[in-house]
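Visitor: Numbering of the sequence shown is given in the numbering used here, commencing with residue 161 and proceeding in unit increments.
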Amino acid sequence: MQVTVWRGIADEITRRIVSGELPPGTKIESESEMAERLGVSRHTVHKAIHELQREGLVVRQRRWGTVVAERPRLKKHRIGYVVDFTTNQFQTQLLSHIELALREGDRLLVATSRNDPVLEAEHLRSLLSEVDGLIVYPAEGDENAALFKEIQAKGFPVVLIDRAPRGCEDMVVLTDNVLSSELAVKCLSERGCHRIAFFGNSNDRAMSNRERRVGYEQAVESIDPRLERWIHMSLEDNSESMYQAVNDALVTMRLKFPDLDGAFCTQDWLAQALIVACNAEGLEVGVNFKIATFNDFGEGFFRYPRRLIRVRQQVDRISLTAMQRLYSLFDQIPVPGGPIRISATIAPFADREFSAA
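#1: Within its chain, find whatever has a CB closer than 6 Å to the CB of E388; leave out the 5 residues flanking it on each side and keep chain order.
#2: Does the beta-carbon distance from T426 to N361 come in below 7 Å?
#3: Output needed for L234: all residues of its chain with C-beta closer than 6 Å, excluding positions within five of it in sequence on either side, in chain order.
#4: Given a threshold of 16 other Cβ atoms within 10 Å of its Cβ, counted over all protein chains shown, does V406 qualify as buried or as exposed?
#5: Quick one: is E230 buried, meaning 16 or more other Cβ sit within 10 Å of its Cβ, or exposed?
#6: Leaving out five residues before and five after R470 in sequence, what residues of the same chain have Cβ atoms less than 7 Å from its Cβ?
#7: Using the Cβ count rule (16 or more neighbours within 10 Å means buried), how would you classify R477?
#8: Which residues in the same chain as G375 place their Cβ atom closer than 6 Å to its Cβ, once the five residues preceding and following it in sequence are excluded?
#9: In whole angstroms, what separates the C-alpha of R351 from that of F250?
#10: How big is the Cα-Cα spacing for G180 and H203?
#11: Within a Cβ cutoff of 6 Å, which residues of the same chain sit near V178, ignoring the five residues on either side of it in sequence?
#12: In angstroms with no decimal places, state the Cα-to-Cα distance between K309 and K346.
#13: Taking DSSP as the reference, what is the three-state secondary structure of W390?
#14: DSSP has L334 in a bridge; who is on the other side?
#15: Measuring CB atoms only, is the region 430-448 touching the region 458-467, in the sense that at least three cross pairs come out at less than 8 Å?
#16: Which residues does DSSP list as the beta-bridge partners of T226?
#17: For S368, tell me which candidate among A313, P418 and Y297 has the shortest Cα-Cα distance.
#18: Quick check on DSSP: helix, strand or coil for A271?
#19: Is I502 buried or exposed, if buried means 16 or more other CB atoms sit within 10 Å of its CB?
#20: Short check: CB of L269 to CB of E259, under 7 Å?
#21: The alpha helix (DSSP H) that contains G168, what's its start and end?
#22: Considering only the beta carbon of each residue, do L287 and S479 sit closer than 7 Å?
#23: If we ignore side chains and look at the alpha-carbon of each, how far apart do H237 and D292 end up?
#24: Helix, strand or coil: how does DSSP classify L320 here?
#25: Can you look up T453 in the DSSP assignment and give me helix, strand or coil?
#26: Report the three-state DSSP secondary structure of A261 (helix, strand or coil).
#27: Could you give the DSSP three-state label for R470: helix, strand or coil?
#28: DSSP state of R463, grouped into three classes?
#29: Taking the beta strand (DSSP E) that C425 falls in, what are its first and last residues?
#30: What residues are listed by DSSP as bridge partners for L294?
#31: DSSP state of F358, grouped into three classes?
#32: Cβ atoms of G498 and M331: under 7 Å apart, would you say?
#33: Within this structure, are the beta carbons of N275 and E303 separated by less than 7 Å?
#34: Considering only their Cβ atoms, is the gap separating T335 from A482 smaller than 7 Å?
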């Protein structure tokens with residue numbers, strides 16, 4: 161699920177334009193120079209530049225070349241960012257990339273809801289009179305769906321990121337959880353797994369949890385509820401009870417299905433608990449039991465990350481796309497209806513690591 165080369169080139173130039181690194185009037189290097197520097201074909205670069213022209217970010221000037229287009233600024237913007245937490249790596253990276261995408265002179269006001277819909281609603285109502293637009297990482301659940309739709313109906317610029325209450329999916333930019341999960345499970349099958357279990361967070365209020373299960377279901381040949389385990393977790397759970405629940409689930413499933421040889425986990429903590437359970441059962445992860453997992457806490461979260469198939473969300477593209485969408489709303493440029501889904505990347509495990517273990 162790698163990003164196409166031309167799209168990656170276009171995104172990088174867009175990021176530099178949006179952040180102010182390339183101000184209006186700046187000349188973009190020629191297509192041949194860029195192609196040589198990046199080691200790609202001129203056709204690939206041409207496609208990227210053409211897309212930037214289509215989006216109005218660059219223009220071609222006779223006898224001069226391609227330059228960053230003038231984008232008149234009527235005002236500097238104050239942007240509110242309401243997020244559930246800012247403590248884990250995924251949310252920290254989102255915030256960092258949102259800040260990088262700010263136009264010169266714009267300010268970001270951050271409010272934390274602590275995943276409390278009541279506190280979130282208070283922040284939203286307060287910020288409406290203080291900012292020009294909102295980026296929101298919503299609290300789990302659907303309690304504020306009506307409020308988000310009310311804000312949108314008033315014409316106030318608002319973009320949701322990573323998840324959305326039911327009925328507000330048209331406002332959100334997020335990872336393509338369904339396709340990413342499906343491809344990760346298929347990657348397990350391609351690596352020789354014949355019976356694959358599912359380990360998910362029991363909190364079905366989170367949009368991502370629901371979608372990742374759908375992806376798993378689309379990838380396996382037949383659904384057996386005995387191979388699905390929904391584990392009760394807190395938002396950042398490394399509790400003893402969670403580890404025990406995963407261990408008990410693995411033992412129970414292997415008693416019923418001795419040929420169980422793989423599992424898909426919807427998040428890092430579940431995968432970590434499953435690794436511990438495998439060790440206790442005498443299973444060698446990556447050899448006779450393979451695991452695919454969403455990896456939002458970074459490669460360093462696991463001792464041997466390359467023994468896992470890791471789904472890595474493209475936080476930079478999610479953040480940049482959300483900010484582009486918000487700025488389009490500021491500039492009264494029509495935006496397509498959502499949800500806007502961003503491909504994840506799949507990092508397969510490396511067989512060569514096992515020989516040194």
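Backbone N, C-alpha and C fix where the C-beta goes; we use that ideal spot for every residue, glycine too.
Guide: On the basis of the supplied data:
#1: F358
#2: yes
#3: A caution first: L234 carries a pLDDT of 47, below 50, which makes its placement in the model unreliable, though a value can still be read off. Answer for L234: no residue qualifies.
#4: buried
#5: exposed
#6: T453, N455 and A507
#7: buried
#8: V338, S341 and E342
#9: 28 Å
#10: 27 Å
#11: A261
#12: 37 Å
#13: strand
#14: R501
#15: yes
#16: R220
#17: Y297
#18: strand
#19: buried
#20: no
#21: V165 to V178
#22: no
#23: 6 Å
#24: strand
#25: strand
#26: coil
#27: strand
#28: coil
#29: G422 to C425
#30: G240 and V318
#31: strand
#32: yes
#33: no
#34: no
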